[in-house]
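The block underneath contains the structure these notes are about, expressed in structure tokens.
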Amino acid sequence: MKTLDEFVMVFDDMITPELASGLLEEYADSGEWRSPRPQKGHEVDSHSAILVTHELVTAGNARRQRMAAEVIDAITRAFDRYHAKFSRREQGLNFLHVEKLVGVRINRYQTGQYMVNHTDKYPDSDSGQVSWPAVTFSINLNDDFTGGELSLLDGDLVFKAQAAQGIFFPSNFLFPHAVNEVTSGTRYALVGWLI
Numbered sequence: 021m022k023t024l025d026e027f028v029m030v031f032d033d034m035i036t037p038e039l040a041s042g043l044l045e046e047y048a049d050s051g052e053w054r055s056p057r058p059q060k061g062h063e064v065d066s067h068s069a070i071l072v073t074h075e076l077v078t079a080g081n082a083r084r085q086r087m088a089a090e091v092i093d094a095i096t097r098a099f100d101r102y103h104a105k106f107s108r109r110e111q112g113l114n115f116l117h118v119e120k121l122v123g124v125r126i127n128r129y130q131t132g133q134y135m136v137n138h139t140d141k142y143p144d145s146d147s148g149q150v151s152w153p154a155v156t157f158s159i160n161l162n163d164d165f166t167g168g169e170l171s172l173l174d175g176d177l178v179f180k181a182q183a184a185q186g187i188f189f190p191s192n193f194l195f196p197h198a199v200n201e202v203t204s205g206t207r208y209a210l211v212g213w214l215i
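In this text, residue positions in the sequence shown follow my numbering: the first is 21, and each later residue adds one.
Spelled out as structure tokens, the structure:
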């Protein structure tokens with residue numbers, strides 16, 4: 021029988037250093053950062069985000085469109101490996117059915133900011149419709165900060181950021197997760213869901 025931590029997959033060097041630095045160069049000083057809608061019970065939200073694959077963010081900007089395509093490609097390749105490991109296709113089953121990739125954003129946590137322990141839901145920014153994702157991912161864009169660890173399973177599994185590293189895990193109630201307080205610097209991570 022598998023333990024919960026066995027459903028977490030880590031991908032080192034999931035994106036190229038050039039893509040990570042390009043995303044930071046393009047967006048770090050942008051005026052487009054917004055605070056996501058806080059989840060009920062967590063009205064104090066202390067980070068900001070940019071939807072980097074949304075057409076309103078990439079429209080008319082070839083560089084942003086190219087980087088969005090590279091991000092989607094990297095996520096798709098990693099998810100294919102995650103899916104192969106957990107779907108049970110070899111048994112003629114598909115226990116990990118997903119329809120699409122959604123909500124790809126850069127989350128920014130500045131010194132003193134964090135994300136409370138939570139499980140995920142995806143509120144579509146266009147329709148307002150809420151979906152419950154199957155898989156969550158987080159891809160570190162940088163590691164030049166302190167604190168800001170990704171904490172899974174109520175703190176039983178903690179990941180110190182390594183630039184370009186991706187972490188995939190189930191989005192359900194068994195996988196509460198948080199981002200610990202950033203104590204110095206700024207943490208940037210690509211996050212999103214497969215629903």
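Virtual Cβ for every residue (Gly too), placed ideally from N, Cα, C. Remember, predicted model here, so these are calculated numbers, not experimental data.
CB contact below 8 angstroms: residue i versus chain B
{"i": "S50", "result": "Given the protein chain composition of this structure (a single chain), no chain B is represented."}
Residues that DSSP places opposite residue i in a beta bridge
{"i": "R207", "result": "Y129"}
{"i": "Y142", "result": "S151"}
{"i": "R54", "result": "A69"}
{"i": "I159", "result": "G186, L210"}
{"i": "L121", "result": "L214"}
{"i": "V202", "result": "G167"}
Residue i vs residue j beta-carbon contact at 8 angstroms
{"i": "L121", "j": "I95", "result": "yes"}
Range covered by the alpha helix (DSSP H) that runs through residue i
{"i": "A98", "result": "82 to 106"}
{"i": "S171", "result": "Where S171 is concerned, there is no enclosing alpha helix (DSSP H), although the beta strand (DSSP E) it sits in stretches over 170 to 172."}
{"i": "L177", "result": "Here L177 belongs to no alpha helix (DSSP H); instead the beta strand (DSSP E) covers 177 to 179."}
{"i": "V77", "result": "75 to 78"}
Bounding residues of the beta strand (DSSP E) (the contiguous stretch that carries residue i)
{"i": "P190", "result": "186 to 190"}
{"i": "A198", "result": "197 to 199"}
{"i": "P69", "result": "The residue you asked about is not Pro; residue 69 is Ala in the sequence shown. Segment 68 to 70, the beta strand (DSSP E) holding A69."}
{"i": "M29", "result": "29 to 31"}
Separation of residue j from residue i, as counted between CA atoms
{"i": "G42", "j": "D174", "result": "33 angstroms"}
{"i": "R83", "j": "K22", "result": "42 angstroms"}
{"i": "M29", "j": "E52", "result": "31 angstroms"}
{"i": "V199", "j": "R54", "result": "18 angstroms"}
| field | Meets three-Cβ-pair contact criterion under 8 angstroms: the stretch 110 to 127 and the stretch 162 to 177 | value | no
| said: Counting beta carbon pairs with one atom in the stretch 38 to 56 and one in the stretch 97 to 112, are three or more of them shorter than 8 angstroms? | reply: no
| request: Examine the Cβ distances between the stretch 70 to 80 and the stretch 124 to 131 and report whether three or more of them are shorter than 8 angstroms. | output: Proximity of the stretch 70 to 80 to the stretch 124 to 131 meets the contact definition, three or more beta-carbon pairs being nearer than 8 angstroms.
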